[in-house]
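Step one of this worksheet: look at the structure below.
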Amino acid sequence: MNTIKLAWRLIRRDWYVGELKILTLALIIAVASVTSIGFFTQRINLAMQDQTGKFLGADLMLNSPREVDASVLDKASQLKLAVSKNLLFSTVLVANEDFQLAQVKAVDDHFPLLGEIEYATQLYGETIISSRGPGPGEAWLTHRLLKRLNLKVGDSFELGNSQLTVSGVLKYDPGQAGSFMPIAPRMLMHYSDVANTGVIQPGSRITYQYLFSGSLQDRERFERWLKPVLNPTARLFGGKQGSQALNTALDRAEQYLALASMLSVMLAGIAIAMAANRYGQRHFDQTALLRCMGAVQAKIVSLYSMQLIMIGVLACVLGCLVGFLAQQGLVMVMADLLPENLPRPGYQPLVSGFFSGFLTLAGFSLPAIMRLKSVPPLRVLRRDSIPLPISAVVVYGLALFSICVLMWWQSGNLLLTLIVLLGTLACVLLLAVLTVLMIALSRYLLIFLTGPWRSGLMQVIRYRQANQLQILALGLALMILLTVLLLRTDLLDRWQAQLPAEAPNHFVVNIQASEVPALASFFSAHGMRTEGLYPMVRARISAINDVPVLQAVPPGARIDEALRRELNISWADNIQKNNQLIKGKWWSAADQGKNLLSIESGLAQRLGVKLGDSLSFQAADKKFKASVSNIRKVQWDSFQPNFYIIFPPKVISDYPHNFISSFYLPADKKEIINKLVRQFPGLTVIEVDAIMEQVKVILDQVTLAVEYVMLFVLIAGLVVLMAALQSSMDDRIHTAIIMRSLGAKKSFLRKGQLAEFTILGLFAGVLAVIGTEMITYGLYKYVFKLGYELHVLYWVLAPLTGVVLILLTGRLYTRHVTLLPPASILYR
Amino acid sequence: MLNILNGVELEIKSGETIAILGQSGSGKSTLLGLLAGLDMPTAGDVFLDNKHLNALDEDGRAELRLDKVGFVFQSFQLLPNLTALENVMLPLELKADSNAKTRAHELLQRVGLDQRLQHFPRQLSGGEQQRVAIARAFALQPAIVFADEPTGNLDTVTSAQIINLLFEINREQQTTLVMVTHDENLAGLCQRRLILEDGLIREEKG
Numbered sequence: 014m015n016t017i018k019l020a021w022r023l024i025r026r027d028w029y030v031g032e033l034k035i036l037t038l039a040l041i042i043a044v045a046s047v048t049s050i051g052f053f054t055q056r057i058n059l060a061m062q063d064q065t066g067k068f069l070g071a072d073l074m075l076n077s078p079r080e081v082d083a084s085v086l087d088k089a090s091q092l093k094l095a096v097s098k099n100l101l102f103s104t105v106l107v108a109n110e111d112f113q114l115a116q117v118k119a120v121d122d123h124f125p126l127l128g129e130i131e132y133a134t135q136l137y138g139e140t141i142i143s144s145r146g147p148g149p150g151e152a153w154l155t156h157r158l159l160k161r162l163n164l165k166v167g168d169s170f171e172l173g174n175s176q177l178t179v180s181g182v183l184k185y186d187p188g189q190a191g192s193f194m195p196i197a198p199r200m201l202m203h204y205s206d207v208a209n210t211g212v213i214q215p216g217s218r219i220t221y222q223y224l225f226s227g228s229l230q231d232r233e234r235f236e237r238w239l240k241p242v243l244n245p246t247a248r249l250f251g252g253k254q255g256s257q258a259l260n261t262a263l264d265r266a267e268q269y270l271a272l273a274s275m276l277s278v279m280l281a282g283i284a285i286a287m288a289a290n291r292y293g294q295r296h297f298d299q300t301a302l303l304r305c306m307g308a309v310q311a312k313i314v315s316l317y318s319m320q321l322i323m324i325g326v327l328a329c330v331l332g333c334l335v336g337f338l339a340q341q342g343l344v345m346v347m348a349d350l351l352p353e354n355l356p357r358p359g360y361q362p363l364v365s366g367f368f369s370g371f372l373t374l375a376g377f378s379l380p381a382i383m384r385l386k387s388v389p390p391l392r393v394l395r396r397d398s399i400p401l402p403i404s405a406v407v408v409y410g411l412a413l414f415s416i417c418v419l420m421w422w423q424s425g426n427l428l429l430t431l432i433v434l435l436g437t438l439a440c441v442l443l444l445a446v447l448t449v450l451m452i453a454l455s456r457y458l459l460i461f462l463t464g465p466w467r468s469g470l471m472q473v474i475r476y477r478q479a480n481q482l483q484i485l486a487l488g489l490a491l492m493i494l495l496t497v498l499l500l501r502t503d504l505l506d507r508w509q510a511q512l513p514a515e516a517p518n519h520f521v522v523n524i525q526a527s528e529v530p531a532l533a534s535f536f537s538a539h540g541m542r543t544e545g546l547y548p549m550v551r552a553r554i555s556a557i558n559d560v561p562v563l564q565a566v567p568p569g570a571r572i573d574e575a576l577r578r579e580l581n582i583s584w585a586d587n588i589q590k591n592n593q594l595i596k597g598k599w600w601s602a603a604d605q606g607k608n609l610l611s612i613e614s615g616l617a618q619r620l621g622v623k624l625g626d627s628l629s630f631q632a633a634d635k636k637f638k639a640s641v642s643n644i645r646k647v648q649w650d651s652f653q654p655n656f657y658i659i660f661p662p663k664v665i666s667d668y669p670h671n672f673i674s675s676f677y678l679p680a681d682k683k684e685i686i687n688k689l690v691r692q693f694p695g696l697t698v699i700e701v702d703a704i705m706e707q708v709k710v711i712l713d714q715v716t717l718a719v720e721y722v723m724l725f726v727l728i729a730g731l732v733v734l735m736a737a738l739q740s741s742m743d744d745r746i747h748t749a750i751i752m753r754s755l756g757a758k759k760s761f762l763r764k765g766q767l768a769e770f771t772i773l774g775l776f777a778g779v780l781a782v783i784g785t786e787m788i789t790y791g792l793y794k795y796v797f798k799l800g801y802e803l804h805v806l807y808w809v810l811a812p813l814t815g816v817v818l819i820l821l822t823g824r825l826y827t828r829h830v831t832l833l834p835p836a837s838i839l840y841r
Numbered sequence: 049m050l051n052i053l054n055g056v057e058l059e060i061k062s063g064e065t066i067a068i069l070g071q072s073g074s075g076k077s078t079l080l081g082l083l084a085g086l087d088m089p090t091a092g093d094v095f096l097d098n099k100h101l102n103a104l105d106e107d108g109r110a111e112l113r114l115d116k117v118g119f120v121f122q123s124f125q126l127l128p129n130l131t132a133l134e135n136v137m138l139p140l141e142l143k144a145d146s147n148a149k150t151r152a153h154e155l156l157q158r159v160g161l162d163q164r165l166q167h168f169p170r171q172l173s174g175g176e177q178q179r180v181a182i183a184r185a186f187a188l189q190p191a192i193v194f195a196d197e198p199t200g201n202l203d204t205v206t207s208a209q210i211i212n213l214l215f216e217i218n219r220e221q222q223t224t225l226v227m228v229t230h231d232e233n234l235a236g237l238c239q240r241r242l243i244l245e246d247g248l249i250r251e252e253k254g
């Protein structure tokens with residue numbers, strides 16, 4: 014009891030001295046960065062998982078590329094499950110002279126079985142909750158789609174052969190699972206109108222979506238019955254493990270975001286360690302006195318631990334609050350990519366906030382605080398008695414251990430944690446070597462400098478240790494921000510710039526064999542250069558060398574996207590011009606009809622497929638098999654139709670198929686698409702340039718979100734800066750006082766300080782830009798395979814930012830150094 | 049190895065006042081540290097209140113200090129972040145005294161500082177700071193008070209006032225007082241005077 018009171022009193026009084034403020038601030042940042050990510054991902058998870066029912070619009074959702082057997086629906090009605098049958102497809106809508114690719118969902122009268130649809134009767138109108146979709150002849154379009162087509166409620170538009178009337182603005186509809194980030198804007202229509210549109214042709218890319226709901230018991234019986242008879246191309250959502258697959262990508266994104274937030278925790282940890290160290294040293298006298306007055310070691314430990322706990326609680330509460338607010342900001346930044354009306358977060362992120370807060374605090378401050386328990390009481394008589402320093406192994410070991418535990422806990426993946434941790438350490442080590450070199454070399458500049466600049470540089474060299482840390486912390490934070498910024502602004506532009514000027518910018522899919530001649534003459538009549546028409550069969554790889562595919566491939570490849578869905582496979586006489594044969598040989602005319610195939614090199618590598626291996630396929634209910642005759646390298650970003658698997662002619666040509674083509678159309682001739690869609694209503698035209706624009710928006714938002722998280726890293730870097738300044742403060746004051754008593758003017762000292770901070774900022778900026786260039790060089794050259802140039806602007810911008818940041822913080826921290834009257838220190 | 053103290057044999061009886069005199073560096077503070085159990089001798093034994101200090105560990109000696117010992121230092125050793133009142137409360141709180149505040153208030157009144165209760169050390173003069181330290185030293189009515197050059201940082205007039213106060217309270221509480229000083233006048237007020245020279249101790253008969 015007494016200890017609590019005393020601890021509280023001491024902490025209240027100590028607060029004004031400074032290092033406790035820094036310690037608290039650092040801890041707040043660490044907790045805020047962890048909780049903001051926690052809140053954010055939890056809300057998305059809640060939206061995705063906890064409300065699966067409402068989210069799916071049903072208890073169970075079955076997506077299949079073709080109609081399921083009638084027995085499935087019979088079984089469902091036998092078990093008294095409610096059923097709703099819907100269709101999903103992409104098509105181009107035409108209104109006046111505007112056209113737009115849309116993701117259409119045609120729903121029956123039962124949709125949704127669970128949850129509600131939200132719509133409005135005019136743009137930006139009030140939300141209306143409805144338990145059913147639009148009626149026959151009507152359509153509800155998202156606001157984005159209405160804008161693109163210049164439509165308002167009450168207007169009509171064309172969908173294939175039929176006309177539909179806009180009767181609502183779609184705000185939310187359940188069952189978007191599997192298309193979490195739809196590229197094309199969406200619309201709802203009535204199921205009964207689909208037949209009239211003529212857009213559904215044999216082989217068209219459609220998804221049949223069946224929704225089921227009922228009592229848990231009936232559902233489970235249904236699921237048990239359904240799973241064994243289900244065609245492998247169908248995917249079931251909402252069952253026991255249903256939503257897992259859906260969340261794999263998101264889980265991974267969360268892992269990386271969480272690990273990114275660990276960077277700010279690491280930097281905050283450094284600041285905490287520095288502040289705790291100074292706090293410990295400043296309390297040698299107080300502790301010695303307490304020991305002298307009879308406080309046992311346990312009392313000392315509990316007194317200071319109590320103070321840490323108090324600071325921990327305060328910082329965690331504030332950190333959680335800041336984290337919550339920051340998370341709201343993050344949701345705003347990513348608004349377009351997230352489902353509307355995210356559910357409220359629960360308390361779980363608060364728990365993780367407190368856990369990370371206390372673990373960071375303990376890991377980085379305990380050694381300094383524990384050292385106090387061995388302060389000898391004799392210090393009251395002899396100031397030179399100090400406790401033995403704690404071994405470096407304990408100090409760094411404890412810090413690394415706590416960070417490792419935190420990262421492991423956040424990512425749930427020990428291997429990933431160790432890789433990231435070791436990678437970061439290696440990177441920091443490299444930058445540290447650079448920093449040490451910079452400071453060491455700057456010594457040679459001394460002879461060229463005079464006045465305040467010379468005194469500033471001398472200060473940099475004198476407080477080498479603290480300064481190296483400051484440069485490193487700020488440099489690291491700046492480097493990360495610069496890299497993300499660069500990727501956002503530079504990468505996509507550079508990639509687009511290296512594409513051939515007239516690369517195809519439109520794809521046409523769902524072309525029926527009967528339409529091929531008419532389409533070819535349409536292309537030539539309008540002078541459109543096409544890349545040819547390629548046949549396409551949808552099939553799934555079912556076995557490799559007669560071993561079921563999931564058992565045949567390496568474990569890492571089991572979640573490969575190519576195994577989870579039907580592939581578009583094709584046939585051809587000759588190899589496509591942007592494909593390159595790397596193994597085996599291409600077939601001759603004599604090979605037509607032989608069971609051979611050509612596989613793309615990346616897929617072959619992932620699945621462990623070699624020349625001569627046999628691959629089995631399932632297309633609809635038919636099976637066929639062929640052996641690998643060659644392996645091709647495909648240039649995917651050529652914007653020409655490309656295929657993983659190609660057969661010789663006359664092997665798969667009897668299976669249901671349609672055709673794909675691509676062409677280039679300059680922006681001023683877009684009206685040709687209107688004509689095309691009117692003449693061939695079954696076609697789907699995909700505008701690559703519009704999608705690129707979309708990708709850019711998504712990339713923009715995602716990187717903006719990453720930058721947002723990285724702001725915590727920058728702030729944590731600044732706090733390290735403050736902690737480093739604080740740790741050299743006594744020395745700085747003492748030097749300043751002696752200089753002043755020897756006759757140095759205040760203005761001289763101030764200029765010296767400004768020069769010192771400017772030099773530090775320059776060093777941090779240069780370090781950041783060197784790091785950024787190294788990282789982007791690696792990424793451009795080896796990952797994106799793009800040309801690399803120095804980013805000249807950044808060489809100016811980064812040092813400038815470094816200087817401004819250090820000047821502001823440094824000035825804030827040291828302004829009183831030059832103001833204290835010398836006597837106040839000399840006679841103390 | 050440097051021997052600071054050699055063959056020191058000394059017994060202090062309850063209630064005695066003792067001055068330890070000697071030149072700078074003669075080992076006065078070392079002797080005080082040993083007597084109070086702040087330091088341990090490399091050879092020889094120290095008993096405090098019949099307890100063998102060598103047999104106690106650091107925590108055992110701390111508990112003994114809490115029960116029996118008070119200190120007054122040359123540099124006052126007040127905690128700068130605590131008020132005068134809180135500084136005096138400190139030993140009482142370590143002892144878990146539920147009346148710490150009232151008792152500290154009384155003690156500060158006794159040393160004439162009842163107008164300075166909420167002042168921080170930096171707001172007090174040297175003499176006032178040493179009064180706070182005296183109040184703190186006697187707060188737990190210790191059996192023995194060790195004073196290390198209690199007037200070393202004070203002017204002559206203030207020194208006299210502090211010494212009077214120290215001896216008055218010492219008499220009131222019948223405490224044993226062991227004082228390190230190089231001030232002959234101050235030493236003259238004590239019943240026994242010990243002189244340290246070349247690591248050896250000799251008693252000056254008064």
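Protein chains in written order, with my numbering: chain A, 14 to 841; chain B, 49 to 254.
All C-beta atoms, glycine included, are put in the ideal place defined by N, C-alpha and C.
Supposed close pair residue i, residue j - CB separation, criterion 8 Å
{"i": "A/P198", "j": "A/R157", "result": "4 Å"}
{"i": "B/G175", "j": "B/Q209", "result": "6 Å"}
{"i": "B/L86", "j": "B/T131", "result": "At roughly 26 Å, the Cβ-Cβ gap does not stay under 8 Å, so B/L86 and B/T131 are not in contact."}
First and last residue of the uninterrupted beta strand (DSSP E) at residue i
{"i": "A/R551", "result": "T543 to I557"}
{"i": "B/L69", "result": "T65 to G70"}
{"i": "A/I524", "result": "H519 to I524"}
{"i": "A/D111", "result": "D111 to V120"}
{"i": "B/F119", "result": "V117 to V120"}
Chain-ordered neighbours of residue i on chain B, where CB pairs are closer than 8 Å
{"i": "A/V782", "result": "Within 8 Å Cβ-Cβ: nothing; A/V782 doesn't reach chain B, min ~44 Å."}
Within chain B, partners of residue i - CB distance below 7 Å
{"i": "A/N15", "result": "E141 and A144"}
{"i": "A/D743", "result": "Result: empty, since nearest Cβ-Cβ is about 14 Å, beyond 7 Å."}
Residue i versus residue j - alpha carbon distance
{"i": "A/L259", "j": "A/E515", "result": "For A/L259, the predicted model reports a pLDDT of 41, less than 50, meaning its position is unreliable and no value from the coordinates is stated."}
{"i": "A/N842", "j": "A/A284", "result": "No information on residue 842 of chain A is available, as it lies outside the stretch 14 to 841 that chain A covers here."}
{"i": "B/V56", "j": "B/E232", "result": "22 Å"}
{"i": "A/P195", "j": "A/D349", "result": "Any answer about A/P195 is weak, because its pLDDT of 49 lies below 50 and its placement is not dependable; what the coordinates show is given next. When rounded, the distance between both Cα atoms is 11 Å."}
{"i": "A/T831", "j": "B/I217", "result": "46 Å"}
{"i": "A/I416", "j": "A/G376", "result": "8 Å"}
Host alpha helix (DSSP H) of residue i (start-end)
{"i": "A/D743", "result": "M742 to S754"}
{"i": "A/A632", "result": "That residue, A/A632, is in no alpha helix (DSSP H); its beta strand (DSSP E) goes S627 to A632."}
{"i": "A/T24", "result": "In the sequence as displayed, the identity of residue 24 of chain A is Ile instead of Thr. Where A/I24 is concerned, the enclosing alpha helix (DSSP H) stretches over N15 to D27."}
{"i": "A/Y457", "result": "No alpha helix (DSSP H) contains A/Y457, which DSSP labels as neither H nor E."}
Neighbourhood of residue i by C-beta distance below 8 Å, restricted to the same chain and skipping five residues each side
{"i": "B/G63", "result": "Q222, T223 and T224"}
Close Cβ partners of residue i (< 7 Å) along its chain, the five nearest in sequence each way excluded
{"i": "A/R619", "result": "A570 and D573"}
{"i": "A/L431", "result": "none"}
Chain A contact residues for residue i, given Cβ-Cβ distances below 9 Å
{"i": "B/D231", "result": "Under the 9 Å cutoff, chain A gives no residues; its nearest Cβ is about 18 Å from B/D231."}
Cross-chain neighbours of residue i in chain A, by beta carbon under 7 Å
{"i": "B/G81", "result": "L391 and L394"}
Which of the residues in the stretch 15–30 of chain A, read from start to end, lie with their CB under 9 Å from any CB of chain D?
Here the protein chains are A and B, and chain D is not one of them.
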